[in-house]
Ligand code: RFL
Ligand code: PHB
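Numbering (our numbering), first residue to last: 695 to 1085.
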């Protein structure tokens, strides 16, 4: 088989790239290791920057997010038993974020791709990349016991942090940067009314907590936990009780509890691989970088990578231009490192670290107190939270 762009991974990065290239008349094949149901059932991010929503519109999949997405103009920050509102709209000069689940983004993109007759191959086993630094790279994989090969002009590695693409680049050609945090997030999804109509980020002596939502009837909550804690040790009652104890009194008394419909523990990590291109292989999204979820940046960074990559591939296809392909890694990394910094800062400011001394804790509280008391500091948070410009 032959295609112009072979895409590995049917997460948001791979699907969005396939959709944008298709609209520009560029042929793609998307190879996904998991089943369709598995990919569509994954619960992940919830906050979309305006740039991400605009890109979804450009891709022709903006209709449902415009109808069902919840516009948020502020967030609440809680520490030392007090709550403070950060005005995102005022602080950022008019931008807002949209709360709309990554699960829904993936569904919208999958349905659009299927409606357009896309070549989407699920349960592709042993995907392997070949000749990535030559003119005609190839991808091989196994499906239903048969071996397949796809000759491509370019390969897009959109296969997440544990994918095969980044590992196909010779280690001597890649520089990686990493910080692993000594805790994780225990997340619960429930069909309960969200405790507040804005997201609440909490710094508490027991650890971080976050109140988020997927709709006005579906809540998403997180509490900081140990990464190695067995989920069985967190029955729903224990989760609700612990969450309640970390919330300010007013929110705790309003909290509606109910059975969890999903519960999982996610580790927290910062990671960047440079450069994001090797020969004819381009890495995008979590395949190239990870941020801790505290800044709500992972999915949005995936979208901005795809903005740059789709523009570069379309420019090459239409005009034979290579400038955008050549500047792809630099263009992405400039924005990525700023989001890495913001996510690391939010994480450092809001979590309990096992090695923190009383001095470190007082510094953390001083930072939060300065933040909520300073127009300039609140504006800096707002500017980063709503998302820095794509270019
Ligand atoms: P994905 O979503 O991981 O998709 C990669 C796809 O590649 C497939 N794959 C392979 N396919 C073929 N062959 C192989 N060898 C393969 N190996 C892997 C996988 O099965 C998968 O389908 O990466 P992508 O597309 O780059 O998207 C990135 C986002 O998913 C991620 O950054 C966000 O979910 C991060 N994130 C958040 N981001 C935000 O912008 N806002 C948030 O509010 C937010 N909250 C979160 C988050 C991530 C979380 N977890 C679980 C890590 C909250 C959490 C708890
Ligand atoms: C979510 O709703 O899943 C969510 C919201 C904000 C974050 C992280 C996750 O910072």
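Here a beta-carbon is modelled for each residue, glycine too, at the ideal position from N, C-alpha and C.
Quiz item: Leaving out the 5 sequence neighbours to the left and right, which residues in its chain are closer than 6 angstroms to residue 781 when beta-carbon positions are compared?
Solution: In the same chain as residue 781, and ignoring 5 residues on each side of it, the C-beta atoms closer than 6 angstroms to its own belong to 768, in chain order.
Quiz item: Cβ of residue 804 within 9 angstroms of Cβ of residue 704?
Solution: yes
Quiz item: Apart from the five residues on each side of it in sequence, which residues of its chain come closer than 6 angstroms, Cβ to Cβ, to residue 949?
Solution: Within the same chain, residue 949 has close Cβ partners 889 and 938.
Quiz item: Going by the CB atoms, is the gap between residue 778 and residue 985 shorter than 9 angstroms?
Solution: no
Exercise. Specify the secondary structure class of residue 869 as computed by DSSP and reduced to three states.
Key: Here residue 869 carries a strand assignment [DSSP, helix/strand/coil].
Practice problem: Please report how far the alpha carbon of residue 892 lies from the alpha carbon of residue 906, in whole angstroms. | Solution: 8 angstroms
Self-check item: Backbone CA spacing between residue 852 and residue 1018 [nearest angstrom]
Solution: Rounded to whole angstroms, residue 852 to residue 1018 spans 19 angstroms at the Cα level.
Quiz item: According to the neighbour-count rule (16 or more other Cβ atoms, all chains shown, within 10 Å of its Cβ), is residue 720 buried or exposed?
Solution: With 16 or more other Cβ atoms within 10 Å, it is buried.
Practice problem: Classify residue 951 as helix, strand or coil using the three-state DSSP reduction. | Solution: coil
Quiz item: Would you call the CB atoms of residue 1089 and residue 992 closer than 9 angstroms?
Solution: What is shown of the chain runs 695 to 1085, which leaves residue 1089 out entirely.
Quiz item: By a C-beta neighbour count over all protein chains shown, 10 Å radius and 16 as the cutoff for buried, is residue 706 buried or exposed?
Solution: buried
Quiz prompt | Residue closest to residue 945, alpha-carbon to alpha-carbon, out of 924, 970 and 915 | solution = 915
Exercise. Can you say whether residue 807 is buried or exposed, counting buried as having 16 or more other CB atoms within 10 angstroms of its CB?
Key: buried
Quiz item: What are the residues that DSSP puts in a beta bridge with residue 967?
Solution: 870
Quiz item: For residue 979, is the beta carbon positioned less than 8 angstroms from some heavy atom of the ligand RFL?
Solution: yes
Quiz prompt | Minimum C-alpha distance to residue 794 - residue among 697, 717 and 740 | solution = 740
Practice problem: Use the C-beta contact count for residue 831: other C-beta atoms within 10 angstroms, 16 or more gives buried, fewer gives exposed. | Solution: buried
Quiz item: residue 831: beta carbon under 8 angstroms from a heavy atom of the ligand RFL?
Solution: no
Quiz item: residue 852 by DSSP, collapsed to three states: which one?
Solution: Reduced to three states, the DSSP call for residue 852 is coil.
Quiz item: Name the DSSP beta bridge partners of residue 768, please?
Solution: 781
Exercise. Take the Cβ of residue 715 as the centre, count every other Cβ of all protein chains shown within 10 Å, and call the residue buried at 16 or more, exposed below.
Key: Around the CB of residue 715, 16 or more other CB atoms lie within 10 Å, so the residue is classed as buried.
Quiz item: Expressed to the nearest angstrom, what Euclidean distance is found between the alpha-carbon atoms of residue 899 and residue 764?
Solution: 31 angstroms
Practice problem: Take residue 996 and list the residues in its own chain whose beta-carbon comes closer than 6 angstroms to its own, dropping the five residues that flank it on each side. | Solution: Closer than 6 angstroms at Cβ, skipping near neighbours: 706, 707 and 979.
Exercise. Identify, in the order they occur along the chain, each residue of the same chain with its Cβ nearer than 6 angstroms to the Cβ of residue 882, setting aside the five sequence neighbours on each side.
Key: 915, 933, 954 and 957
Quiz item: Nearest to residue 824 by CA position, among 879, 861, 920 and 876, is which residue?
Solution: 861
Quiz item: Just the Cα atoms here: how many angstroms apart are residue 845 and residue 972?
Solution: 17 angstroms
Quiz item: Where does residue 718 fall in DSSP's three states?
Solution: For residue 718, the three-state secondary structure derived from DSSP is coil.
Quiz item: Hey, out of 1061, 974, 1007 and 999, whose CA is closest to residue 828's CA?
Solution: By alpha-carbon distance to residue 828, the top candidate from 1061, 974, 1007 and 999 is 974.
Practice problem: Could you please give the first and the last residue of the uninterrupted beta strand (DSSP E) stretch that includes residue 700? | Solution: Per DSSP, the continuous beta strand (DSSP E) segment holding residue 700 begins and ends at 696-702.
Practice problem: Along the alpha helix (DSSP H) that carries residue 1011, what are the first and last residues, could you check? | Solution: 992-1013
Quiz item: So, is residue 812 buried or exposed, given that buried needs 16 or more other C-beta atoms within 10 angstroms?
Solution: Around the beta-carbon of residue 812, 16 or more other beta-carbon atoms lie within 10 Å, marking it buried.
Quiz item: Out of 1029, 863, 815 and 1054, which has the shortest C-alpha to C-alpha gap to residue 1001?
Solution: Shortest Cα-Cα distance from residue 1001 to any of 1029, 863, 815 and 1054 involves 1029.
Quiz prompt | For residue 1071 and residue 1064, the rounded distance between their alpha carbons | solution = 8 angstroms
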